[in-house]
Amino acid sequence: MRNNKGVTLLILPVVFVVLVIGGLVIHWQYSSQGERRAISTPTVQEPTIADTEGFKTFRSSEILSFEILVPETYSIDEELGFVTIKSNEGEIVIGRNGTEYDDLEKYITNNRNSLGDRLRESEMFEINGLEGVSGFLDVAGSDTAEKAYYIYADYSVYLLYTRNLELYDDLDQIAGSFRYMPN
Amino acid sequence: MRKTLGVLVLLLASLFFVRDAFAADNVRVAGFGYPRNEYPFDNPFFQWDISYVSEIVFALNDQSNFGDGGVVPCEVSMLPFVNTVSSGSLVSGGHRTADVFIVGTLASELSALEASELKSFLENGGVVFISSGTDDISNVRYSNFFEALGFSDRFTGEEEELSFAGISSVPVDSPIVNGKFGKVHKLSHYPFRIINFSTLMPVALGFEEIDGFATLSLGTQSQAAGELKPLLLEKEFGSGYLSVAGTSLYLNDYSPENVKYFMNLIGHACKEQISLQPFLDLPWDYGAKGMSFSTAALSMSAYFDHEYPLLSASGLNEPSDSQNTTTIFKGLFRTGFDYSSHDGYDWGRLAKTKEGTPVLAAAGGSASFKGVCGPCGNAILIDHGNGFQTRYYHLRDDGLAVNQPGQTVQVGKGQQIGLVGHTGNVKPGGEAGSHIHFMVIQDKNGDGNFEDNIPDGMVDPFGWQSNDPDPWPNYAFFYNGQQRTGNASHYLWTSAIANLSEEFDSNGAFFNLEHYGASFPPGFTNETYKVNMKAGGGITIPYETVGYPLDMTIVDGTGNPVTHFPTPFTLTIDFSGFDISRLIQETLSVYSSEDGISWVKEDATFDWDSKVATFQTDHASYFVLAGERMDTTAPTTTAEIFGTQGESDWFRSDVEVVLNSEDNEGGFGVEYTSYKLDDGDWQEYLTPLTVVDEGEHEIQYFSVDNEENVEEVKSTVFYIDKTAPEVSISFNPESLSVEGVGVDEGGQTTTQFEKTGLLKAKFTVSDTAGNTLALEGSYLHFLRSTTFSISSVKYNSVSHSPGSNRYNALYATDRKTKKLSSLNQTWIEEGLFVNIFYYAKEGKSYIYIKEDGQVTVNTSQNGLVILYIETDSGNLKYRYE
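Chains as they are written, first to last, in the numbering used here: chain F, 429 to 611; chain H, 174 to 1054.
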């Protein structure tokens, strides 16, 4: 018993010190994340299309250099650097921004349109080997948010978005199939 | 000299910069007549002997102003002026019945119904002019109209002077003040009282000269406290336009500037398409970077924000609900693309314009160095002499074409003016953020100064590519003491962007189908065309084509094909991937055909280094690159037959057939040889053929050379007979001798008899192929008796030894007739005795056969029966008949 008391007395300060240090480390990590980026709760997922039946492959021109799978019944049009995917419910737009940043996080965080602050429920993805971020942007005068994917490839940021609630799932599928096809 | 020439070219370019694309419909001018309007346009002399309204009417009828060859291509047609406007009288079924409506100075109230119709007229693109009343007329008469338009303004207490009052300062720029007849500089006007112009744009303010007679009135009513009083107010309604002025603007005093204002007003209703000639190229050598124009141009890292491109206008901010969004030239509203308020385009890493890349003049002009500019860093400005200026920001300190404020240098299109750098505000900071910021400004007020047209002169060189309204030219704002509106954008690139949707409009476009390229220049069409390019089939062309023909069709917006065009477009044929070495180069030409049968040579130019044929054409049809072949001679093929040959084409062994083909001298070689054996199918000849079957054979063959010259079909016949003949020996009653006759399935035989000893002989039968049958034995012919026995039967080299045998034929003849009177034929083998005796007197032949001691035949037949001794595969047989 005497020995146990002695051990207990010895362990308690050690446990206390460990808890304090651990707490500080955890606090520092959370606080530094909050300062470092505005993207909330980064996770790593790989959205994929499990079954490609009912989808058709669309390969863009060399101007945009990508390939996606699109529901067969949807029409696709590429013009002036933008791809428009239309269904009866609405449309999904894919366009591209050049960037001088060498990764997506820097692009989002330093974005002149304040994407880092405005992108709600953002999630980071890896899409076919590419960095990607998805999230929602409020649209002035509309109850429906814009769902958007930002995919980084070789100083390009592809933006895939829709403002139709009914097309959110299709956008997920299309974004999950996105492949960068450089010339 | 070169500089002078450059300036001359610039001057010429500026002269041709704005052009009328085509004549337009008439501008229909309507309005209120007398007495509703006291000073109507349709009767300028009604009230006054000399009315200045007449000057306007004269100008409207001046063909140098309107119509063919006029400043504005529209003719002016005056419609009957009316005293009332009813519902549907100005706009019916969405269509206007007039283009301009002169409300003028009303003598009575504008009714609510009239106000509603005028509002509809405005909203449907009509132009409306309202003048204030005279001093004895209350301006409340327009209240219904302004209420219908949602204005709070009233013509409360407007005052009209009775004589000349003053001349305005330079009016504020507007589409009417700075219209198709030029800029109106100073308006002669009487003042009318200040009104609330929060929703109407004042375009002419104050006075710089004041007549003494009016001074008192003006001083007390219009210029108190130094206020600027509006003389003229305007408002755009889409393509509709409202002008509000005092009556005196056109009534009491004549001023050429006032007339010009009305010319601009009427000219504004002329909706003819004014095409701006594109004049810009991208400001770096994208071709040297391996990029096409389309790829390079669309590799921007920041777009022009069509909603509020206010970045260069300090103190102007976007409304909160549009901040952080960018409206793209494609018509995409408030997107997440970069970046809000941006008033130009950025090209950086994606466009391969890294630090130090030469920045080139997008067009020729006068280059100057912008002085102090924190955010833009080193900036070059080029005035292109056509009312447009381009700017290039963030340039490096070195390599600048001009680096002192106030200096200018003339630069040519594509001339280096600086290097890509990161001076000023770039993100990320430092070299990593290097890019070109490129922007275009229009000198909207025509004063030669571009700074005072920031931001309202900002232009997107990609134009506005949407049927939705462009927000920028419809944005009205107050800046630097002036009311302003944004600017319309036009596609200003001299190169078209690849159109991937098969449709194109006035921006032009180019399309590719493998080695074919079709480039439609900006301004080629004013409507939407759809292009279909496919490989042509079912055509005939008397030349050697290089690749497949192009079948190009173009349809308009209603789906109707358009085959001929007023202006040409450019077609290119890249033949670098084709071997044309076998064509006579001088004959290589581009041909076109509407029906695929009759071909017309196009006037094409050939770049033999890049191997591209380029030509301009004004029609859509079949097109093909073709020429004459150097080699038009077919190759020659011969057949060699190998085997054991007899006579002529007969062989007594398996046969090997070898086909030898050879192209003519100077030809390009044999591509292939085909053959057909007997009734078989045509096959490509690859190796010699072996033919084993006996009988007659025919081989047909021809060759084709690498120039597609086809040889006529030849044929060779040969025979194979590997079987030796047989022989049939019998007495010939005609020749009265014993003869041997060859029997051979293959054809003819020859026989040879030779005595080989006193009582020995050899009888040989040969067929055409050279196969032989040789019989050897004893032989005795004496008088009328012939006797032989066969000891050896030899086929070619194979011998057979038959058993003992003997043949005898003994005959007698009638002494008188010398004809056969009797014949005794005997054939004896082991166990066999055959005797046939013919007796002519009885006309019978007696046949007696005994086999193995047994008489098997003992009979007679009428007539002469001949006994035949025949060989059969080495055996000896007999028969009689």
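The C-beta atom is built at its ideal place from N, Cα and C for all residues, glycine as well.
In this structure, G298 (chain H) and R269 (chain H) form a Cβ contact; the two beta carbons are roughly 7 Å apart against a cut-off of 8 Å. Under the three-state reduction of DSSP output, A552 (chain H) falls in the strand class.
With the rule of 3 Cβ pairs closer than 8 Å, the segment 1028 to 1041 of chain H does not count as touching the segment 963 to 976 of chain H. At a cut-off of 8 Å between beta-carbon atoms, R548 (chain F) makes no contact with chain H. Residues of the same chain with a CB within less than 8 Å of the CB of W666 (chain H), apart from the 5 flanking positions on each side, are P451, L453, D454, L455, F466, A470, P634, F635 and P695 in chain order.
For R546 (chain F), same chain residues with a beta-carbon under 8 Å away, outside a window of 5 residues either side, are L565 and D566 in chain order. Spanning the alpha carbons of G913 (chain H) and V864 (chain H) requires a straight line of approximately 33 Å. The DSSP-derived three-state label of F748 (chain H) is coil.
Contact note: F510 (chain H) reaches chain F through G523, N525 and L587, using a C-beta cutoff of 7 Å and chain order.
When DSSP assignments are scanned along the segment 802 to 854 of chain H, the uninterrupted stretches of beta strand (DSSP E) that are 3 or more residues long and fall wholly within it turn out to be 809 to 815, 828 to 835 and 843 to 850. Beta-bridge analysis with DSSP links N611 (chain F) to no other residue. Residues of chain H with a Cβ closer than 8 Å to the Cβ of S542 (chain F) are, in chain order, N497. N837 (chain H) and R755 (chain H) have their C-alpha atoms some 14 Å from each other.
Taking a contact as a CB-CB distance under 8 Å, the pair F274 (chain H) and A203 (chain H) counts as one, their CB atoms being some 5 Å apart.
A distance below 6 Å between beta-carbons, with the five flanking residues on each side excluded, links T999 (chain H) to the following residues of its chain, in chain order: N981 and N1008.
Among the residues of the segment 526 to 540 of chain F, those with a Cβ less than 8 Å away from any Cβ of chain H are G526, T527, E528, Y529, D530, K534, N538, N539 and R540, in the order of the chain. Secondary structure at R209 (chain H): coil, using DSSP grouped into helix, strand and coil. When 8 Å is used as the limit between beta carbons, R522 (chain H) is near these residues of chain F: G526, T527, E528 and Y583, in chain order. Per the Cβ contact rule, the segment 473 to 481 of chain H is not in contact with the segment 561 to 579 of chain H (fewer than 3 Cβ pairs under 8 Å). With a cutoff of 8 Å on beta-carbon distance, E559 (chain F) and Y580 (chain F) are scored as near each other. Under DSSP, F510 (chain F) shares a beta bridge with F:E507. In the structure shown, A982 (chain H) adopts extended strand secondary structure according to DSSP, grouped into three states. Taking 8 Å as the threshold, the shortest C-beta distance from K887 (chain H) to chain F does not fall below it. Its chain contains N199, V200, R201 and V202 as the residues whose beta carbon lies nearer than 8 Å to that of S250 (chain H), once the 5 sequence neighbours on both sides are disregarded; these appear in chain order. By the neighbour-count definition (other C-beta atoms within 10 Å, threshold 16), L593 (chain F) is an exposed residue. Look at the segment 504 to 515 of chain F: the residues with a C-beta under 8 Å from a C-beta of chain H are D505, E506, E507, L508, G509 and F510. Look at the segment 463 to 476 of chain H: the residues with a C-beta under 7 Å from a C-beta of chain F are S467, T468, L471, S472, M473 and S474. Considering only H:L291, H:S259 and H:F214, the residue with the shortest C-alpha distance to V432 (chain H) is H:F214. The beta carbons of V883 (chain H) and A807 (chain H) sit closer together than 8 Å. Looking at the backbone, the Cα of G463 (chain H) and that of E687 (chain H) are separated by about 18 Å. A605, G606, S607 and H608: these are the residues of the segment 602 to 620 of chain H whose beta carbon lies less than 8 Å from some beta carbon of chain F, given in chain order. Chain H places no beta carbon closer than 8 Å to that of E551 (chain F), leaving this residue out of the contacts. With a minimum length of 3 residues, the unbroken runs of beta strand (DSSP E) contained wholly in the segment 951 to 1012 of chain H fall at 958 to 968, 971 to 973, 978 to 986, 993 to 1002 and 1005 to 1012. Under the Cβ distance rule, A671 (chain H) counts among the residues neighbouring chain F, one pair being separated by less than 8 Å. In the structure shown, M473 (chain H) adopts extended strand secondary structure according to DSSP, grouped into three states. Spanning the alpha carbons of L554 (chain H) and F502 (chain H) requires a straight line of approximately 23 Å.
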